[in-house]
Each structure stands twice: as C-alpha cells, then as structure tokens.
Amino acid sequence: MAAVSKRRKKPAGSSPGSVVYVGVEKNTPVKVTRVRYSGDGYEASRIVDPSECRPDSSWPGVDWFTVDGVHNVDILKTVGANFGLHPLVVEDIGNTTQRPKLEGFDGYYFLAAKMITYEARSSKLKSEHVSIVFGQGFLVLFLQDPEDLFSPIRQRLEAGRGKIRASGSDYLAYALVDAIVDYYFHVLEEIGERVERLEDEVVVNPTVNTLRTIHDVKRELIALRRSIWPMREVVNVMIRDESPLISKDVKIYLRDLYDHTVHVIDSVETMRDIITGTLDVYLSSVSNRLNQVMKVLTVMSSIFIPLTFIVGVYGMNFQYMPELQWRWGYPAVWLFMLALTGVLLALFKRKKWM
Amino acid sequence: MAAVSKRRKKPAGSSPGSVVYVGVEKNTPVKVTRVRYSGDGYEASRIVDPSECRPDSSWPGVDWFTVDGVHNVDILKTVGANFGLHPLVVEDIGNTTQRPKLEGFDGYYFLAAKMITYEARSSKLKSEHVSIVFGQGFLVLFLQDPEDLFSPIRQRLEAGRGKIRASGSDYLAYALVDAIVDYYFHVLEEIGERVERLEDEVVVNPTVNTLRTIHDVKRELIALRRSIWPMREVVNVMIRDESPLISKDVKIYLRDLYDHTVHVIDSVETMRDIITGTLDVYLSSVSNRLNQVMKVLTVMSSIFIPLTFIVGVYGMNFQYMPELQWRWGYPAVWLFMLALTGVLLALFKRKKWM
Amino acid sequence: MAAVSKRRKKPAGSSPGSVVYVGVEKNTPVKVTRVRYSGDGYEASRIVDPSECRPDSSWPGVDWFTVDGVHNVDILKTVGANFGLHPLVVEDIGNTTQRPKLEGFDGYYFLAAKMITYEARSSKLKSEHVSIVFGQGFLVLFLQDPEDLFSPIRQRLEAGRGKIRASGSDYLAYALVDAIVDYYFHVLEEIGERVERLEDEVVVNPTVNTLRTIHDVKRELIALRRSIWPMREVVNVMIRDESPLISKDVKIYLRDLYDHTVHVIDSVETMRDIITGTLDVYLSSVSNRLNQVMKVLTVMSSIFIPLTFIVGVYGMNFQYMPELQWRWGYPAVWLFMLALTGVLLALFKRKKWM
Amino acid sequence: MAAVSKRRKKPAGSSPGSVVYVGVEKNTPVKVTRVRYSGDGYEASRIVDPSECRPDSSWPGVDWFTVDGVHNVDILKTVGANFGLHPLVVEDIGNTTQRPKLEGFDGYYFLAAKMITYEARSSKLKSEHVSIVFGQGFLVLFLQDPEDLFSPIRQRLEAGRGKIRASGSDYLAYALVDAIVDYYFHVLEEIGERVERLEDEVVVNPTVNTLRTIHDVKRELIALRRSIWPMREVVNVMIRDESPLISKDVKIYLRDLYDHTVHVIDSVETMRDIITGTLDVYLSSVSNRLNQVMKVLTVMSSIFIPLTFIVGVYGMNFQYMPELQWRWGYPAVWLFMLALTGVLLALFKRKKWM
Amino acid sequence: MAAVSKRRKKPAGSSPGSVVYVGVEKNTPVKVTRVRYSGDGYEASRIVDPSECRPDSSWPGVDWFTVDGVHNVDILKTVGANFGLHPLVVEDIGNTTQRPKLEGFDGYYFLAAKMITYEARSSKLKSEHVSIVFGQGFLVLFLQDPEDLFSPIRQRLEAGRGKIRASGSDYLAYALVDAIVDYYFHVLEEIGERVERLEDEVVVNPTVNTLRTIHDVKRELIALRRSIWPMREVVNVMIRDESPLISKDVKIYLRDLYDHTVHVIDSVETMRDIITGTLDVYLSSVSNRLNQVMKVLTVMSSIFIPLTFIVGVYGMNFQYMPELQWRWGYPAVWLFMLALTGVLLALFKRKKWM
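See below:
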C-alpha cells in the first residue's frame, strides 16, 4: 500500500478530462472479457475486442464487461467513447489514486472504489483501484490488476441460483461492491489478530520492534479508514438517489450494505482506540523497566558505597589509629557492616524496591 | 467479549441473503417457546415446534415466540418463511456480529440489539446477539444463548398487572429493549466500582497490574460504547417513524427509553474521561517514584563518594605525608568528614530531597 | 458527588412507570409546603397535607407547592395522581440519578435539573435532583433534600416587587431554573480559585498531592459539564416550544437564561483546557526535577570517582613504586587532583549543569 | 485578563433584570458624550447630561452617544429608560462578564462584545466589555473604561469622507465592531511574535521559564478564542436577520467582517496547534538533555569504577601477593589500566555516547 | 511561508474599503497583460495599459487580463473602477493575507485563493495570494508575484485544443483554480517524501534534528490545511450557486475539482496522523536509549562496586586480620570475586539487561 500520499502525476495546469494513466508503470496486455446473462440465458465469459465493448440493446438482460487493467489509455478511450462516458469519468478510471466516489450522469452511474487485500507474501496491505460504470442493461468493471477477485459472483451467475440472475445491472453493481466490502472484513480480521498478538507482546516482552509494529498497524488502520469512509458515502448516495437506474428492491440490499460499511468503520475506530491504548501500555512498561533498573542500581550503590567507605577508613595509614590495634577490631567492623547492610535491606524492603 | 473485531465468516462475494450462522459453533438443540396474552387471557409459556411459529390471526392479543439459539439455520429459515421475512433479515438474525439496528418492512419491524452482561465466573463482559421481529399481534425474539434473561417480563405478563397485558406487540418490544438497556446500567455499575478501586490503587499502590486493569476497563468501555451508540439511534428511529405499528402511547415510553440510552452513553463517556485521568495519575506516579529512587541514589552517592575519596587520600603510601604522623590526624579527619556530611545533609534538606 | 456512575437500582426488566426511590436511603419525613400568589394577593408559605397538593382552579394566580424529599414513594404517587401526571414522570421524580430533561405533556411540563452546590464542610460538590412540574396556575417543586435553596425567590414573592408576582407559573419555573444556574456560577468561582492556586503551586512547589488535586478538579469539571450540557438543551427546548404554557414574554427571559448556560459551559471548557495545561506543566516540572537531581549526581560522581581512583593508585603496595619515595610526591598528587577538579568544574559550568 | 472564570457576583435567586454592576469596583465619574452627523451636517463631540441621552427624532442623521463607564448603575437605568430598553438588556450592559451576543428587540438591537488589547506596561491581555444599542437614527455605545479606542471612527466622521457619514446607525455599528475585530489582529500579531520567539528558544535554550511562557500563551489563546467565537455568531446573525434596521448595503460589509472573524479564529487555532507542537519539542529536548547527562555519568562511572577496583586489588595487605614483589608490577598495572580505558572509550564511541 | 499569523497592517478603525497593500514591500513595476480568445479566434498575450483593462463587449469570446502584482494600489483602483468592483473587493485583492473565499456580486464573482509552491532554493513552502474576478466575457487574474505559473493554460488556449477555447470565463476560472489545486498535489508529494524519510530516520538514527524536522513538517501541514479547507468551501459554493455566470456544464468539472480538494484534505489529514505516530516512535526511541544507557551503568556499577568493597576489606590495616596471613588468601579472594561476578552476570543475562 503506497506509503503516504497517493501521487497524481499529471502536470499542474494540464487539461482536465485528458486521460492519463496514473500509477506504477506496466506492460502487461489488457484483456476485456464479457459475461451476458438474463433471467433465462447465460453466456459464459469470453475475451472480446475492446471495440466490442459497447451497449447492445438486443440482449434482454445484463451485459457485463470486465477490463482487467487501466494502464492502456487507448482501450479506456475506446470504451469511454462506445458508452458515451464524460471525459472526466474516463480520466478518473485511469487514475489509480482516485478516491471512492459515486457520480450520476445521464444514463449511467460511475462508481470508484478501493479493493483492499492482504498480500500473502509480504503481509502488507494492497490497495487496488476498481471502477464500475453501469446503466440500463450493462455494467463495465475496470480493474487495476488482472486478478479475478470477483469469480464467486461469476459462479453464482453461472449456477443461475439466487436473485442475481433475475435482477438488473444495479443488483450486479451492488454485488460487486458487497464483495469489496467483504474483503475489508477479511483484512480487519488479519489486523485484529495482529492487534491481539501485540496486546500480549506488549505486556509479556515489549521490544523496540513492538513499537514498530504498533506504528505499522496504526498506518494500516489509517489507510483502511481512508478507503472505507468515502465508501459509506457512496452507498448512502446510491440509497438516496431517485434515479430509475437503481430499483427500490435493490435499495433494501444497499441498506444492508450500508450497514456493513458502518460496521467496518466502527471496527476500524475500535481498533484504533485499542492500538492507542496498547501504545500507552508499551510506553508505560518501558518506564517501569527503567524504574526497575534504577532500583537495582540504587540498592547496590546504597549498600556497597557506605561499606566501601568504612573499609577505606581502616585502610588509612595514620600512625595513631587506636582501633587498628584492638584485638576484636576486625570482627567488630564486620559486625557493624553486616548490621548496616541489614538495616538498609530492611529499609529497601519496606519501600518495596526489592 | 470478543477481543477486537467481530468476525464475519461468510466468504467474500457469496450471495447476500444466504443464511449462515456466524459465531462460535454450538450443538445445543434450539427450543422455540410461545407465550400468548391479551387484555383478558394469558397462555403460559410452552415449547412449540418451529413450524408452529407463524402468525395466527385468531388470537386477539399478542403472540410472543422465543427462539433460544440462532445456530440452527433451518429453524431460522422456517420461521423466516412463516412470517414472510426478507432474506437479509434472516441472514442478520443468524449473524451474531450484527450491529444494533432497526429496519422497517411492510408489516413488521426488525430490531437487532446487543445484550451485555457480566459473567460472574470470569468477571468478563459477555455480549449476546438479540433479534426482535414484531408486527401486528406477534413478536418473535431470537436469542443467541438459551438463558432466560427476560423472565421478569414473562412474570409481569403472567401476573397480569401493569400496562403490558393491555398493550400490543410494540409495547412488548419496548419492554424487551428496556430490559436490555437496564442490563447496561448493571454492567456500568460493575465497571464503576472497578474504576473507583483503580482510582484508589493508582495513588496508594500502583503496580504494572494497575496499568493492565486500566487498559482492560478502557476496552470494556469501548465495547459498551460500541453497543449502546447504535442502540440510541434504534430507539430514536422508533420514536420518529410514522408507522402504524408503533402507537403514540408507546412513543412516550420510548422517549423515556431514549433518555436512558443517553444516560448510559453519558456515563460511558464520563468513565472514559475518568479512566484517562487515572492513566495520567498512574504515569505520573511512576515518574514520581523514579524521582524518589534517584534522590536516594544521589544523596547516598553524594555523601559517601567524597568521604571515600578522603579516606583514600590517607590510605596512600607516600613516604612523606606529614598528616599521617600527626597525633590528632585521625580524629581530625573524622571531624572533617562529619562536618562535610552535615553540610551536605543540610543542603539536601533545603532542596527537599530528603 | 457520586463518584463514577449514578446508579439505578431498579431490577432489569421491572415494569416501567413503577415508582421506586433510587438514591441514598433516608428516613426523614417529607414536608409539603404551599405558597400562593397573584398580582393582588399573597398567601404565606405553610405546610399542607400531600392530599391537598392538587390543582385548585379557584385561585386566580399561581399555586406553588414544594415537596422537600422524594424518598417517600407514597407521597409522590398521591401528588402524581392529583395532578394527573404520567407514571413515567412520577418514576423520574423519584429517580435521583435522572439526567436534566424537559418533557411536554398535555397540560403540563416536566423539568428535571441538577442543583450543584459546594458543601462547606467537605469542600466537595454536592448534586441534588430537582424536579419541576408546572402548568396553568400551578407549579410543583420536588427537592431531594429539605434545604431551602430557593428562599430568595420566596422573599421576592413576599415583597411583591419585581415582575414575578404579576407573572404566571412559567415565569416562576424560569426563576427557579435561573437560581439553579446561578449556583453553577458560584461553584465555578470556587473551582476557579482552586485552579488558580494550582497554577501557582505547580510552578512553585509541585507535590504528588498537586497531581491528586488536579485530578479531583478535573472530575468536578466533568461532573459539572454533565449537569449543565443537558440543561442548555432544556432551556433551548423551552424557548423553541410553541406551547401556550410558556408566554412570549417569558421567552425573552429564557433567552437570557440560555445565554447563562452557554456561559457556564464555556467557562467549564476553558477551565478544562487550563487544567490540562497545568497537568503538562506539572509533568514537565517533575521531569525537570529529575534532570536536576541527575545533574547533581553526575557532577559529584564525575569529580570524585576519578579522584578516588588516583588516591587508590598510591594506596597500592607494590614494592617498586618510585613516586612513593619522591619528596614532593604527596603535594604533587594534591596539585594534580586540584587541577583535574578545576578542569571538570569548568566543563560542567560550560554545560550549565551547575 | 481575569484568570479563569469571569465572575458573576449577583446572589443566586435574585431578580433577573435588576441592574447590578459586576466587575472591579471604581469611583471614576461617568461621562456621556454625543456626536451627531448626517449626510450634510456634523456636530462635534460634546459632554451631555445622562438625561439628554434619549432619542431625538428631530435630527435627520445619526445620534451617537458614548457612555464611558458602566459602574454607575443610575446612569445605566436612566439611559435604559430613555430608550425603552428591556431590563435584561440594561442588566447585561452592567455585567462586564457578559459574553458577546446579539439580541434583536422591537426597534433596537443590543450587541455585546469584548475588546481585547495588549497592555503595554504589563504585557498582558486586557479584556473590555463593550455594549452597543442601536436603532433607527441612534446608537449608544457603553464602554467599561473611559479610554477612547474608537477615535479613528470619530475622525472619519469629522473629516466627512468615506461612506460612514452618508450611512445610518447600522453602518456605524458595523464600523465599531470592525474596529474591535481589528484590535484582535493586533493582539494576534503580538502573540505571533511571542510564539516565534518561543519556537527559537525551545530549541536553542529551553528553561523552566520557557514552559511557563508556553502555558501563558496557551491561556491567552484560550481567552481570545473565547471572545472571538461568539463574535462570529454575532456577525452571522446580523447578516441573516431580516430586520429593516440593517440595510442590505451594510450586509455586504458585514459579510466582509464575518470573513475577518473567521480569519482570527483560524489564526488562533493555527497558533494553538503550533504552540502544542512547541510543547512537544520542549518536553523532548528535556528528555534529550537527561539522556546526555546520563551518558556522561555512565561513561565516567564505567571507566573509573573498574580502574578503582584494580588499584584496590593491589592495595590489599595479603602477605603472599606475588605481583607486589615483581619488578615491573606497577608499570604493568598502569599499562593494563590504560589498555582497558582505551577499549572502553572505543566501545562508547561506537555507541555514540561520546 | 509566513510563520504564525498573517499580519494585517491596516490601523484599527480605519475605513473599510480603503485599498491598502498588505504584504512585504516591493518596488517592481506591475505589468498588465491581456489574452483574448473565442471559439474562432485567439489574440496572443500582450502588455496593456491598466486603463485598457476594462470590459469590452465587442469581443465575442473571453477577455483575460493578468495583473502581475498587487502592491501598486493605483492600478488596483483603476482596474476596480473600470469593472465596477465593490470597494471591499479591491481591498481584498490588495490584502495578501486574505483567506480563500468566493463572493458573488451583481455581474461578477470574486474568488480569492492561495497558491502554494515549494521554493527550490530554501526548500520552504511559499504561499501566494491569487485573486480572480470573472463575469460574462471577462476574467481578471491578480497575482502577488510576477511569476507565470499559469502558462500551461495559456498554451492550451493558444493550441486551440480541448474544451477551453470553446467555453466561457467560468471554465477559465475553473481551469485556473484546478491548476492551483494541482500544485497542492505537488507540494503534498514533496512533503510525503520527507515524511517517508523521517519514518526511516526515526527508527535508524533519531537525533534532535529529527524532532525539529517533524515539527517543521507538522507546521507545513497546518499551513496547507489552512489554505485548502476554505478552498473546498469555495468550490462547493460555486457548484451550489444558481447564478447564470456558471454554466451547468462547468459544474460537472467543478464537481471533479471538489473531489480533488477533498483528496488533498484527506492526504493532509492522513499525513498529520502519520507524523504524529512518528513523533511517538521518536519519543519512545529516546526513552529506549535512556534505558539502554542506564542498563550499562547499572551492570558496570553492580559488578564493580561490590568487588571494590571486597578488595577494600583486605586493604584495611588491622593488626589482627587472620586472612592476610593465610597462604592462599589472595587467590581465594580472586576466586570469590570471579564467582560473584559470574553470578551477577548470569543474573543480568536472565533479566535481559545485557
């Protein structure tokens, strides 16, 4: 997940609506696939030419195109032209730093979202830009990477079970966003487990590394929060909008989805609170350790420094030191020193320093 | 109480509205009980078959079903079908991580809540998912665990006293939610007592354990807050909704309930403020202890290190050290050392280090 | 002032509207007094039987009853029945943990407030539950304790001067709430003086006790805030409400009262900010003291430890140590040690450690 | 500037609308001056009797009275009666702790504000209560102190230039409030300079005094914020109000004034953020200094304590210590000690403790 | 970027609407340039006399004037008079501390903005005051400094490509503001890189300088936030306003621009969160270092102080010390000391202090 600020590489003052791919450079070819379905029929997924990615009023159901890559500007332009998309929409599709948003236009909706997944190898969050354009009878899905995270939905379509086959593109859009939000729950679970491990570690064995991990988890939560907050707004606008493109029936599902986004936000906030508490425990346990170290030093010093003084006294070479000639001088000094040590130890015990 | 994030175990992209039990696995059988009452009559609680859990327009009063377990998906589906519930509602009933919410449908309301209780054994908070579906003449209560926390209400019904027998299912729903909120007060009381103990402990005898407890209480408050905040919204929506399912008369009671939820929130926030203050006192008292330890070390060192030096001087073996031959050399050194100690003690006293 | 959470002792699930006294147990008898006034006449305060506490349409002015104790449930029920109060209202009157609120019913308003006073003996805040029910021609004031904090108002009535005699029960309600808010100012003044003392103490002579006091003041401010915030809302609702029970003329006074509640809130927030700053100064001055202690330790150790080493060298008993036989060996060692001390002192001076 | 809470000295329960001077006691006489102007004419400022301070419909322009002192209750009452002011308005004029507010009455507006200035001598903020009552053809300005901070406005009137002569009392009120807000900018500038000095000091030479100054600046910002926030609301209400007393033309100027109040608030918030950052730097630099001190102590101790032990060994008086008889024992010990010192120094260098 | 508070140098009480240049003094001459374009034609940029900067209804397209300097008050007044600008607008153009705002007047809009750029030399932020006045067929751009940051827009006009040539002054205003917001992204990128460097530095090698840099970045983020927050409002008002001066078509672009401002705000907030976390890591790593230093001191002292005591014992000169005569006394002491050291080392190892 990019560290601090998503960068926008267009030169300042350049024309708005000019489509530029903003993101890590790539050379992989871009595939466009099509799935068609209606209440009665289903056409399996197949690769099509970008120019075929256009509205087709002859199909009674939904035409679902997937463009698996947004780094080929020409394809974006072709598809945009075919569906009559506003230049700004095509620009936003190509901009992988675009924040989640929903915009309604004549005849179609444009929806941008962030899919967050956990990369197994690096155990780091990965954020992927997802754009959805949908209207009467069609939906175009633009993915940043050609991974197929939405295959369960395709399987549901193929199986023909559930509500999805009988519904329009609005329900498909809902299903896609629902899958994205479901991924948030998976990420939250991972982070939740890390937080739990941290909570134990911070008490049992806090190291400098613990602090580093706390800081990392905090940043992941900030990143999650940044993606999910506008998502909530997106779903909310979909529920409120009076457009005929979103049926009343689907709005009940969107209400449920809204509830899920609130749940994610809520969990993120809760974990932020807990991680902050964990940091307090960490800092305090560092302080406690210092205290412990200092107590050992103080006890050792306070006992042996006076003793060293005493033996120093009888190491002096004065000619006239009567004690030195005493028969029991040496044992007497030992006794005195033992007594002193006892007194000091008792004192430190009472202060609970030992 | 589950630590960090309530987990939602459904695979991402799976069909919404598919009923899956989300929670700790269980094998206990699910009992469905029915209580019937009206202004005139009362039918005592008895176990019924899930298929009998359906609307019965022949009864003039209220039909109250209790399903004591949501881990049997078949029963949920049967009951859902009998009452014509939306698939998403049945899904939410089976999802024990569902946040509190209220949703109005044609002919019924769906209300999800969290019941928070203190487990006596572990002295930990326990959160239980409670779902209520109510409409004209019926109310179905879904409990996560088969404990009967609502028996006082059943007793009130049986006794036939109070407003409850003469009112509809809306009042019963109110009474159930009111009982849930009352449990919050009990939990708050427990936490309040722990906070008070902490406030004393932090001054009298702060240990690493104190910090741990502060952190635990903080987390419990976070959990409480998370359950009660949406609850307030639930009650607010019930008051505002213009549905005929909730009578004007019951709204006065809901207004009072709303007031109670605000009271809970208020207390939670106040305790959070206080616990934060307690943490400050804790940290500061750790600092103070360090200061005290360091003062002892400094006083001991500052007095005995110079003395040790002095006796070291007269422990030197130089041939020409006139002092060593002096008759009163030894007592003079002692006098000097006593004087020095006196001066240093006076100094430290003035600095209030002793 | 009750420490953390105001407790509500009713068992969960018990019938709402059942009147139970919630608070510290008491056995003092409850007195009901009546004051009557109108533009022309005034009937001095006298004790009446609870059953006489009922609306009396024969009196042209205002009938003001004061019930000085809410721990006698029977009296509350009697009065409630006489005035036709909603069971929930009577319940709230008996619940001393009730938050401030205003509720309008047919024919009367119910207003709950907290009176905050400083107990002279313990120098602690004391919170008292005050309930006011008022309607056309009557006002019933319920006090938690039989102290007469509203006697200045009674005196104004008796004196017959001012607007109060000529106005209705709405103005009397305003006057009572105004007196309550005035008490907040007095409490704020007390706290303000403590804060000022703290600000001096924290710089001149910070002790562990200072921290304790900071924490106490913080808690008092939290308690004040908790009482005054809903109070503002209460006054605001009174201004906004279109009920004929509150005349337009009185609303000008309520606007002024609203202004006062805002002033109190403002002062509380300001003091919270200042007390937080004071805590920072405290913590920092503790740190500074540690620094000072450590500097003394370091200077003492850094000077005498090397010296002790030097004298230790010449305390060694080697047979071949030429220095020991030197004529000026002893003075030379002294000179060297003095020079070393000088150098070290100069160094510490430059570092500003002395 | 009064430290914590502005005090309100009226006894609780006293009659609202009774005019009492709340503030520091004073005996200076109160002067009332009048300036009259219209598009054509201008009557220079002259002292008038309070009884002459009344509406005079014969003058076609604006009648501007200035009452320079609010501690003479009789004058306030006289003027209030002459202009038919509501008793609460007159009370607020005499209450120097009144928060800024605007209240519209029939025929006039009452506006309270705080003028904040820097006292040159004490370099402390001084807050002055300013009240403005204006209506068709008149404006009465009440000042807490007889200083003339508004003389530039009088000069503009006299010079006859600008918009002010041709406009009504609404424009004059705007001009007065604008002057007050302009003073905020001057105060902000002073504080800004102190903040800049602090930012340097905290890095170059932080002392306990630095902390004190940080705390003082913080409190001044809190005080400023408290005065300017309600001011914004005052201006906002003036813009929104549909009263004929404020012309549409003046509202454009008020919009500009609103902008200035927002600017002040913004600057105050920014400075608060910066001063908080400065506190962090301060605390951290105190920590750094402690670290430095401890390093010196540790280096000194770690080098000399082992050396002292070594020389102690050869100061022992055992009869059979072969080393003591060795010819090169003494130089060998020195060599060993030098080597040890070298190793330790190298080690500390590598740890960057020196 | 001016440190704390933008200063406003006008004397308090001076006439509003009087044009005064507020900013750093300058003597550079002010150039006024004009660019004209319409769907068909384009007139290249050329210098014109200020008096020629006036509306010209004969040109069918857009007349774009650029005044590159606001320190010449006469030119501002001339231009203001030519376009019939309100005196307050001209005042705001000359006030370089003016906050971003949008104000609609009859026939024109006034828009103030802050352009933020990174000065390459000093690596400091530079804030520049930009004012835009636009209406039907004209746009006047006032720049604080004569640098041409908007040349890409001029180039687009000249090239005649894109939407800009065919659109009105509203689109040009949008393009200018869009360019300003694009500069924010560039600044954010720079800061983002510094934050990333800081995050590494704070773990690898934290110095006092790190803290200073953290504080600096924090201040830059505060400054950015202060400029961009009102900017969002400006764009929002442009979208909402129903004025015919902004066409519906341009509003789609403004919606996109609004989205960008939200993105900037979002990134600023995220970086603030991260920089705060970085400060925590810094402070904690300072604490950790102190701990490490103290451990070394404690280990050294705890080992050698007892040893020194032991050798001191046998340095005493008592006549009767049997051990001194023992044949193996000396080796026995060494053995004992080695054993003690071993035990202590083992102990410290177990405590993980070494």
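Residue numbers (our numbering), protein chains in the order written: chain L, 1 to 354; chain U, 1001 to 1354; chain B, 2001 to 2354; chain W, 3001 to 3354; chain R, 4001 to 4354. Each residue gets a CB set at the ideal place from its N, CA and C atoms; glycine is no exception.
Length of the line joining the Cα atoms of residue i and residue j
i: R:F4150; j: R:L4176; result: 7 Å
i: B:R2327; j: W:F3309; result: 27 Å
i: L:E91; j: U:E1193; result: 59 Å
i: U:L1211; j: L:T278; result: 11 Å
i: B:N2317; j: W:M3321; result: 10 Å
i: U:V1140; j: U:G1023; result: 21 Å
i: W:A3113; j: W:H3129; result: 6 Å
i: W:L3172; j: W:D3241; result: 17 Å
i: L:M337; j: L:I303; result: 10 Å
i: L:F83; j: R:V4250; result: 21 Å
i: W:T3270; j: B:D2145; result: 48 Å
Proximal residues to residue i (C-beta, below 7 Å), its chain only, five neighbours per side dropped
i: R:D4178; result: L4257
i: L:P100; result: A112, A113, K114, S227, P230, M231 and V234
Cutoff 6 Å; reference residue i; Cβ partners in own chain excluding five residues on either side
i: B:E2119; result: K2126
i: W:V3133; result: Y3108, F3110 and V3140
Whole-number beta carbon distance between residue j and residue i, since they are thought to touch under 8 Å
i: B:V2268; j: B:L2224; result: 5 Å
i: U:A1202; j: U:S1285; result: The sequence shown places Val at residue 1202 of chain U, not Ala. With a Cβ gap of about 7 Å, U:V1202 and U:S1285 count as contacting.
i: R:Y4314; j: R:V4333; result: 6 Å
i: L:L324; j: R:Q4319; result: 6 Å
i: U:S1167; j: U:G1135; result: Actually they do not touch by this definition, with Cβ atoms about 15 Å apart.
i: L:S301; j: U:M1300; result: 6 Å
i: R:K4031; j: R:D4068; result: 5 Å
Beta-carbon spacing of residue i, residue j below 9 Å
i: B:V2187; j: B:T2276; result: no
i: L:Y253; j: L:Y174; result: yes
i: U:H1071; j: U:G1017; result: no
i: W:V3208; j: B:T2298; result: no
i: B:S2237; j: B:L2076; result: A small fix is needed here, since residue 2237 of chain B is Val in this sequence, not Ser. Not closer than 9 Å, so no.
Residues of its chain near residue i, where Cβ-Cβ distance is below 8 Å and the 5 sequence neighbours each way are ignored
i: L:S57; result: G137
i: R:V4243; result: Checking the sequence, you will find Ser at residue 4243 of chain R rather than Val. Counting only Cβ-Cβ distances below 8 Å, and skipping sequence neighbours, we find G4104 and Y4109.
i: W:S3038; result: W3059, P3060, G3061, V3062 and R3165
Of the listed residues the options, nearest to residue i (C-alpha basis)
i: W:E3158; options: W:L3307, W:R3036, W:S3015 and W:G3023; result: W:R3036
i: B:A2339; options: B:Q2325, B:L2307 and B:R2054; result: B:L2307
i: U:R1046; options: U:D1040, U:T1066 and U:R1054; result: U:T1066
i: B:D2273; options: B:M2238, B:N2291 and B:I2214; result: B:I2214
i: U:L1143; options: U:D1106, U:D1182, U:K1163 and U:T1097; result: U:T1097
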